[in-house]
Amino acid sequence: MTEQDKGQVTAGMRGASWDARLMSRPYQMVPYALGTADGQRTLGFLFTVTGKEKTVVSLMHPREMAITHYLVPFVLDAGCACWVQGPRSIGNDLRLEHEIALLDVAAGMTHLRELGYERIVLLGNSGGAGLYTFYNQQALTPPGQRIARTPGGRPTNLAEAQMPEVDGMILVSPHPGQGKLLMSGVDPSVTDEDDPMQTDASLDPFSAANGFDAASGRGQYAPAFIERYRAAQAERVARIDARARQMLKAKHEARQRIKAGTGSDADRRIAAHAPIFQVWRTDADLRSWDISLDPSDRKPGSLWGKDPFVSNWGSVGFGRVVTPESWLSTWSGLSSNAALDKTLGALHQPTLLLEYTGDQCTFPADIEAIYRQIPSERKQHIRVRGNHHGMALSRDEEPGQRIAGRHIVEWLRATMV
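Put into structure tokens, the structure is as follows:
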């Protein structure tokens, strides 16, 4: 069995590091620790070759720090500087609220403008697309009309934030947003959020009775089952939304009683308590196991590998441990503002969309919808063979990362340099 035949785990930025041989040229990398508008810190690294570049391409993910991202050398080849930024809480999205993460992005954009760059291009890879298109939407919104509160009710202070506008966008294997991604993958057969073993057999995606073959790791699902399944996925997300909102309501009411001078000791505990809860079984997108659904060059399996019993019931997975606030802002396909179908309408700048044809996270219909929703008159869609992070799909095949990189060089030189 070749590496290409194995289930490659590409969740997050796994598999997205550069080929060190492509960075053998002279370059300079300078780290910058930046302050955000709400008093937090974020870290970024600026890559340059000549130090005289007029265009900078910015890379960021809401959870990961991808300093050695595979596209950095190609950005430098195009004659641009490259800014790679991390979020305030690297590797941990327990408390991630996308509205607050925009303040991290804003700190980076403000810094790049202060350094004198004439053009800024945002490069949103995977979950970075949701973050960057959300930033672009809010940056182009008059300050007084920006989102004032997170879905959990926290003030965003975006109206007071300096949010420089950007000049272009590159979207590489973008998914529709972390909430939309999770709603497509959440297992709706869960009947008790506090007991991951409790299952509605009629909705179990990994049951032979519903079309799954454990021996081959593949599914063949009937249209009627798919329709019921997808409706039940939205219903489960709505139930978790309600649970999160009830937690926040109890906390808010306790605070109000304390403020009014009628609070008890119990109210003080409730007001101080920061709830954390688990969301089990979130790797159950039927398209991952039945590859006849929205067919592409992908192999059976998800970003987490080929064994759904490991990825769906295991401790590592999307949205596994959350706060009510992070669930509603980031992981809820119903409540999150960082969904591309909500943010792409503001994208009028030149845009390059790169699709990997073997992507196990973003499927052809997703990409078609994303491209259709971009209103820019200067947009381009390119398809490249590769998995979610552009790894080769077969032995002796050139990695899609390199092909995508060359397309980006060509687009930047023609559009932004």
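Residue numbering for the sequence shown is -13 to 403, as defined by this note's numbering. Backbone N, C-alpha and C define an ideal beta-carbon position, used for all residues, glycine too.
Query, Result
"Where histidine 55 falls: helix, strand or coil (DSSP)", "strand"
"Exposure label - valine 16; buried when at least 16 CB within 10 Å", "exposed"
"The stretch 140 to 147 / the stretch 76 to 92 touching (three or more Cβ pairs under 8 Å)", "yes"
"Whole-number beta carbon distance between threonine 401 and glycine 154, since they are thought to touch under 8 Å", "6 Å"
"Assumed close pair alanine 92, alanine 52 - CB separation to whole angstroms, cut-off 8 Å", "Not confirmed; about 19 Å, so no contact."
"Whether threonine 343 touches valine 370 by CB criterion (8 Å)", "yes"
"Cβ contact check for the stretch 196 to 213 and the stretch 154 to 174: 3 or more pairs under 8 Å", "no"
"C-alpha gap between glycine 391 and methionine 377, whole angstroms", "12 Å"
"Backbone secondary structure at aspartate 5 - three-state DSSP", "coil"
"DSSP bridge partner residues for glycine 110 (one or two, in chain order)", "Leu157"
"Cutoff 8 Å; reference glutamine 26; Cβ partners in own chain excluding five residues on either side", "Arg74, Leu89 and Asp90"
"DSSP three-state assignment for threonine 343, whether helix, strand or coil", "coil"
"Where proline 48 falls, given that 16 or more other Cβ within 10 Å makes a residue buried", "buried"
"Option in Ser193, Arg225 and Glu213 with minimal Cα separation from serine 318", "Arg225"
"Within 8 Å, strictly: CB atoms of leucine 98 and valine 42", "yes"
"Cβ contact (3+ pairs, closer than 8 Å) linking the stretch 329 to 336 and the stretch 283 to 297", "no"
"8 Å Cβ cutoff met for glycine 30 and tryptophan 69", "yes"
"Proximity winner among Gln366, Trp266 and Ala208, relative to arginine 222 (alpha-carbon distances)", "Trp266"
"N-terminal and C-terminal residue of the alpha helix (DSSP H) that phenylalanine 211 is part of", "209 to 245"
"Contact set for glutamine 387: own chain, Cβ-Cβ below 6 Å, skip 5 residues either direction", "Tyr56 and Gly376"
"Cβ-Cβ separation, leucine 144 to serine 312 (assumed contact under 8 Å), whole Å", "Incorrect: roughly 18 Å between the Cβ atoms, too far for contact."
"Isoleucine 368: first and last residue of the uninterrupted beta strand (DSSP E) it sits in", "365 to 370"
"Rounded separation between aspartate 178 and serine 297 - CA only", "19 Å"
"Inter-residue Cα distance where the pair is glycine 21 and threonine 28", "6 Å"
"Same chain, Cβ closer than 6 Å to glutamate 383, five either side skipped, listed in chain order", "none"
"Spatial distance of alanine 236 from alanine 258 (CA atoms)", "11 Å"
"Exposure label - threonine 348; buried when at least 16 CB within 10 Å", "buried"
"Which residues DSSP lists as bridging glycine 21, in chain order", "Arg27"
"DSSP state of phenylalanine 60 mapped onto helix, strand, coil", "helix"
"Outcome for threonine 271 when other beta-carbon atoms lying within 10 angstroms are tallied against a minimum of 16", "What sits at residue 271 in the sequence shown is aspartate, not threonine. Classification of aspartate 271: buried, given that the 10 Å Cβ count is 16 or more."
"Residue burial classification, valine 406 (beta-carbon count within 10 angstroms, cutoff 16)", "An answer regarding residue 406 cannot be provided, because it is not within the stretch -13 to 403 covered by the chain."
"Integer Cβ distance of alanine 325 from proline 160, believed to fall under 8 Å", "With a Cβ gap of about 11 Å, alanine 325 and proline 160 do not count as contacting."
"Status (buried if at least 16 other CB within 10 Å, exposed otherwise) for histidine 374", "buried"
"Same chain, Cβ closer than 7 Å to glutamate -11, five either side skipped, listed in chain order", "For glutamate -11, the predicted structure reports a pLDDT of 42, less than 50, and the residue's modelled location is therefore unreliable. A value from the coordinates is still provided. Once the five neighbours on either side are set aside, glutamate -11 has no close Cβ partner at all."
"Spatial distance of aspartate 352 from arginine 284 (CA atoms)", "14 Å"
"Cut-off 7 Å between Cβ atoms - residues of its own chain near glutamine 39, not counting five sequence neighbours on either side", "At residue 39 the sequence reads glutamate, which differs from the glutamine that was named. Correct list, in chain order: Gly65, Cys66 and Ala67."
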